[in-house]
Amino acid sequence: MASLSVNAQDTIVDIKPMTPSSFNLNSPDMTHPSVTLDTIVVTSNPLLPQANEMATATSIVTGDALTTQTSSTLGDALANEVGVSTDSFGQGASRPIIRGQSAPRVQVMQNGLSVQDASQISPDHQVAVPVLGAKQVEVIKGTSALMYGGGAIGGVVNIINDTIPKEQPKKNISGKVALIGQQATDGYLGYAELNGSIGENWLWSGYYQKTDKGNIQVPHLDTDEIANSWYTQDNGSIGLSYVTDMAISVHHISACLQNMACPFMCIMNAHLIAY
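Numbering (this note's numbering), first residue to last: 1 to 275.
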């Protein structure tokens, strides 16, 4: 038979209260090598940034580049920009397409104001703002264009020109003239602009553009041309401003008359823009 015996012993544990003096950082058990962290510099703007100050996908085409391209339509003038193509409707109409989006999803503006013309609803109409008169053209893509309204979900094309004078010119009278010829249609594009001031507060501006293109010539055909492919346009504008240090009053009117032909019918369109 096996027997089991257990001897019990009492164990006494002495528990003492811990005081701040018990944590001796200089003791061997609490000594660790020091580590120096790199300096981190944080810079912040104390003011809330404006929406137009944030990074945007924007490209700018200067007026000199537009004149060099000798394009008579807005779409053709911007066709070489990244993410921009053009929809063509004969010789008369060509609107820009931004990342696959076109009218009415691409907002065309003049000096920050929306251009309300027939080209927004009909592809056979030309944008009623001359390209040769632009100082520069701004192309805004992506979500940055949403700040311009629901009609700009595809992008914004803002044409900057002197149709609305806002500041005193360097000379009392100034202007520019451009004349472009086209051999394939025996046509031409002429543009003339004048700007000036009357006294210290009155400013005025005006332009006139004439486009005349005949039938497109095609060699090695019986007729040597495409019948009913001609296009003409008359575009003019007058602006008057009264400018002071405290306020500005602007009066501006522009008109555009377009005549175009297609193989089976002749279309004449006219629209008036005033603001």
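Glycine is no exception: its CB is placed at the ideal position from the N, C-alpha and C atoms.
Bounds of the alpha helix (DSSP H) holding Gln69 are 63–69. Going by DSSP, Ala77 is part of the alpha helix (DSSP H) stretching over 74–77.
Segment contact: the region 96–110 against the region 122–139, three or more CB-CB distances shorter than 8 Å; contact assigned. Rounded to the nearest whole angstrom, the C-alpha separation of Lys166 and Thr39 is 50 Å. With respect to the C-alpha of Ser102, the residue from Val156, Gln91, Asn195, Ile60 having the closest C-alpha is Val156. Of the other Cβ atoms in all chains shown, 16 or more fall within 10 Å of the Cβ of Ile97; this residue is therefore buried.
Judged by DSSP in its simplified three-state form, Leu146 adopts helix.
Collapsing the DSSP output to three states places Ser34 in coil. DSSP places Asp245 outside any beta strand (DSSP E), giving it a letter other than H or E. With contact defined as three or more Cβ pairs closer than 8 Å, the region 118–133 and the region 62–72 are in contact.
Per DSSP, reduced to three states, the secondary structure at Ser119 is helical. Within the region 172–226, the complete beta strand (DSSP E) segments of 3 residues or longer fall at 173–182, 187–198, 202–213, listed in chain order. Between the C-alpha atoms of Leu74 and Arg95 there is a straight-line separation of about 6 Å. The Cβ-Cβ distance between Asp87 and Pro123 falls below 8 Å.
If you draw a 10 Å sphere on the C-beta of Asn80, you find fewer than 16 other C-beta atoms in it, and that means exposed. Contact between the region 197–209 and the region 55–64 is absent: fewer than 3 CB-CB pairs across the two stretches fall below 8 Å. Rounded to whole angstroms, the separation of the alpha carbons of Gln217 and Ser119 is 26 Å. Taking a contact as a CB-CB distance under 8 Å, the pair Gly214 and Trp230 counts as one, their CB atoms being some 5 Å apart. Exclusion of the five residues before and after Pro104 leaves Gln120, Ile121, Gly151 as the residues of its chain whose Cβ lies within less than 8 Å of its Cβ. Bounds of the beta strand (DSSP E) holding Arg95 are 93–98.
Judged by DSSP in its simplified three-state form, Gly151 adopts helix. In terms of Cβ geometry, Gly239 and Ile164 form a close pair [threshold 8 Å]. Between Leu66 and Asp76, the alpha-carbon positions lie close to 10 Å from each other.
Secondary structure of Gly83 (DSSP, three-state): coil. Annotation: the continuous beta strand (DSSP E) that includes Ile140 extends over 136–141. Buried is the label assigned to Ser241, since at least 16 other Cβ atoms lie within 10 Å of its Cβ. Taking the CA atoms as reference points, Val84 sits about 11 Å from Gly154.
At the C-beta level, Leu203 and Gly190 stay beyond 8 Å of one another. DSSP places Asp162 in the coil class of the three-state scheme, outside both helix and strand.
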